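For the sequence shown, the positions run 522 to 1003 when this note's numbering is used.
We treat Cβ as the ideally placed atom computed from N, Cα and C, and that holds for glycine.
Computed from a predicted structure; not experimentally measured.
Worksheet: the structure to be examined is printed underneath.
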Amino acid sequence: MNKTIRRTSVFVLLLVLGLLGRATWVQAYEGKALANDSKNRRKTIAQYAQPLGNIVVAGAPVTGSKRAESGDLAYERTYTDGELYAAVTGYSSQAYGATQLEGIWSGVLDGTDDRLKNPLDAVTRKQQEPGTVVTTIDPDVQKAGYRALGNKKGAAVAIDPVSGRILAMVSTPSYDPSRIAGTTDGDAWKELTEDPDKPLVNRALRQPLPPGSTFKLVVAAAALEDGLYSSVDVRTESPDPYTLPGTRTVLRNENASAPCEDATIRTALQYSCNNVFAKMAADLGQDKVRAMAERFGFGDDERDVPVRAYASVYPSGMDRAQTALTGIGQFEVTATPLQMAMVSAVIANDGRLASPHMVSEVVDSDGDALESFDDGDATRIVSSATAEQLRSAMVTVVEEGTGTNAAVAGAEVGGKTGTAQHGENNSKTPYAWFTSYAKDPSTGKQVAVAVMIEDSGAARSEVSGNGLAAPVAQKMMAAALK
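Okay, here's the thing in structure tokens:
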């Protein structure tokens, strides 16, 4: 063999080895990434090649599948009571992807998750029967919240304080995910995405707003835990009206005749006295209030239930006047309904927070668990004594104070109203809040609920936590205690 032929042979051999190496790399290392690429049509075809697995509420599926009328996608997602459960399920769309539970467990629901395959199936890439996502949602509580919110713009969350199970998650206005499940739903998608009321936003988890006076529970907890006041029945040092520190701005109370001067924490919660909690926050200082807020869950940007919730915020870098305003849930304090339900859940559960979750388990087609979520994995937030005192004060709010519309016959109910300023110089309609808990002494059942009304269409003078939000919470608590 002459020199030229030998060199050519070596060069060709190197080319062949390079091609083999590249093919091996693509198959062994890049194959999965290419298969999962959103631009890979085969992934979508595989996803909808068979009926999808279901999302289950109280033993019954709230999702389904139907044969597609045309195209290369065999099946299309359907929803039972789509508007009722949209804040739980999210949507699975052939054109626009998947969100919430549909998105988190898309592989389980379409049968492509590797955990569904035996070793041989993993090699042959055979698609298996899909799995099921089992939720913790109580349909009666969900329906009660959805119907009570009606055409209001708002959200509500109900939690079992002991187990952490989310019993209801409602966001209104809602939408029917079936409308955008196919490939020819562009008009419906445009309508939903351009709607100024943002029906696709899950307000229960992903729209933190000023919590107003419901945040006073956090400030009260900080004061009791710090020892600033030893009891909810000790008189505070709280002038009425209260001048914000370092300013000439006078902070007044909504009810000018309320007994708020030097009021106890119990009385201050009962009448929602701004002067008491603004001064309390200033006396504690922003660091102590923030520390307590963070113990309740504020600032947590990794809160998965399992859908990721936006962080509720207690601000930093404030002067004493701004810190005082945070004491009444204003300035730059923001919270989600989930967060405020967690506050009441801690107080109801003797000072412990059971991690909130709305999925109990994810199972394969044989019912074997792929993932399980334990109930009652609790963390101490405040002392048992502090929780007991705050429960007592919250009961006074419902029985004798600003939260009378939340009362449930035969149950111990405690709550806190809130009306949060909205817009520059409070120029827009305020937000109405209510956070609460209820216990049935005869059955042991209990629930914590938070409701936020962003806009009810009511006149400004008619907006209040007791008038708008408490009745929603009352219906949800009554349903949970049945």
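- Excluding sequence positions up to five before and after Thr599, its CB lies within less than 8 angstroms of the CB of Thr584, Gly585, Ser586, Lys587, Ser699 and Ala702, all in the same chain and listed in chain order.
- Contact between the segment 688 to 697 and the segment 600 to 613 is present: three or more C-beta pairs spanning the two stretches fall below 8 angstroms.
- Runs of alpha helix (DSSP H) with 4 or more residues, each lying fully within the segment 577 to 616, are found at 603 to 610, listed in chain order.
- Using a C-beta cut-off of 8 angstroms, the segment 835 to 853 makes contact with the segment 794 to 814, since at least three inter-stretch Cβ pairs fall below that distance.
- Taking all protein chains in view, the Cβ of Glu758 is surrounded by fewer than 16 other Cβ atoms within 10 Å, so the residue is classified as exposed.
- When Tyr612, Val629 and Gly628 are compared, the shortest CA-CA separation from Gln621 is found for Tyr612.
- Lys960 is classed as buried because its beta carbon has at least 16 other beta carbons within 10 Å across all chains shown.
- Within the same chain, and ignoring the five residues on either side of Tyr617 in sequence, the residues whose Cβ sits closer than 7 angstroms to its Cβ are Ile701 and Trp710.
- Under the DSSP assignment, Ala803 falls in the alpha helix (DSSP H) whose first and last residues are Asn795 to Leu805.
- Between Gly922 and Gln791, the CB-CB gap stays under 8 angstroms.
- In the DSSP assignment, Lys809 is bridged to no other residue.
- Scanning Ala779, Glu746, Ile974 and Ala928 for the CA closest to the CA of Ile902 turns up Glu746.
- By the criterion of at least three beta-carbon pairs nearer than 8 angstroms, the segment 888 to 906 is not in contact with the segment 757 to 776.
- The C-beta of Val755 has fewer than 16 other C-beta atoms within 10 Å across all chains shown, which makes the residue exposed.
- Excluding five sequence positions before and after Val884, the CB atoms of its chain that fall closer than 8 angstroms to its own CB belong to Gly652, Thr653, Val655, Ala890 and Leu891, given in chain order.
- In chain order, Ala676 and Ser692 place their CB closer than 6 angstroms to the CB of Arg724, counting only its own chain and leaving out the 5 sequence neighbours on each side.
- Residue burial annotation: Ser985 is buried, with at least 16 other C-beta atoms found within 10 angstroms of its C-beta.
- By the Cβ test, the segment 628 to 641 is not in contact with the segment 905 to 919, since fewer than three Cβ pairs between them sit closer than 8 angstroms.
- Distance from the CA of Arg668 to the CA of Ser865, rounded to the nearest whole angstrom, comes to 23 angstroms.
- Val934 sits in a strand when the DSSP states are folded into three classes.
- Shown here, Trp626 sits in coil according to DSSP, grouped into three states, outside any helix or strand.
- Nearest to Ser734 by C-alpha distance, out of Ala679, Lys674, Leu726 and Ala845, is Ala845.
- Under the three-state reduction of DSSP, Val771 is assigned to strand.
- Considering only Arg873, Leu730 and Gly931, the residue with the shortest C-alpha distance to Val854 is Leu730.
- Counting along the chain, Arg841 sits inside the alpha helix (DSSP H) bounded by residues Arg841 to Thr847.
- Counting along the chain, Val880 sits inside the beta strand (DSSP E) bounded by residues Val880 to Val884.
- In this structure, Ala856 keeps its C-beta atom at 8 angstroms or more from the C-beta atom of Gly685.
- Residue environment analysis places Pro760 among the exposed positions, since fewer than 16 neighbouring C-beta atoms fall within 10 angstroms of its C-beta.
- Minimum Cα-Cα distance from Ile687 among the listed residues Ile868, Ala971 and Gly624 corresponds to Ala971.
- By the beta-carbon neighbour count (other beta carbons within 10 angstroms, threshold 16), Arg773 is exposed.
- When Cβ pairs closer than 8 angstroms are counted between the two stretches, the segment 780 to 795 is seen not to touch the segment 814 to 831, the count staying below three.
- Taken through DSSP and simplified to helix, strand or coil, Leu573 comes out as coil.
- The three-state secondary structure of Ala567, taken from DSSP, is helix.
- Distance from the CA atom of Ala927 to the CA atom of Ile658, rounded to whole angstroms, is 22 angstroms.
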